[in-house]
Amino acid sequence: MPCVDTTQLLKGVLDLAVLAALRDGDGYGYDILRRLRAAGLQDVGDASVYGTLRRLFANGFLNTYVVPSDEGPHRKYYALNAAGRAELDRTGKTWRDFASTMDDLLQDRGTV
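Per the working numbering, the very first residue in the sequence shown carries number 13; after that it's consecutive.
Okay, structure coming up:
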């Protein structure tokens, strides 16, 4: 079993990943899932993304609106609001600081 379980890492950063996926434009659930997978998060599950969207909305970081569809059910779109952008900035900084620390720890300094 690998020392680093990427599914556990993903659980810890999924809120941040979803906020980042919405930074440049609104999206509906499956669209956001595709954005995450296209960015390299192939292991992210449908239920995880939908649950994260509901939680981020309940916490006041997203707004929603419904767009009628001629081809099936209406789509619920999610959009970052001011609180969501502030949360993206805050958690993005935390992530960059953490990643920088890990990069420093993992540097090959040529010593054993």
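Cβ coordinates follow ideal geometry from the N, Cα and C atoms, glycine included.
Under the DSSP assignment, residue 74 falls in the beta strand (DSSP E) whose first and last residues are 74-79. Residues of the same chain with a CB within less than 6 Å of the CB of residue 77, apart from the 5 flanking positions on each side, are 89 in chain order.
With the rule of 3 Cβ pairs closer than 8 Å, the stretch 51-69 does not count as touching the stretch 110-117. In the displayed model, residue 51 falls within coil according to three-state DSSP, outside both helix and strand. By the neighbour-count criterion, in which 16 or more other beta carbons inside 10 Å mark a residue as buried, residue 99 falls on the buried side.
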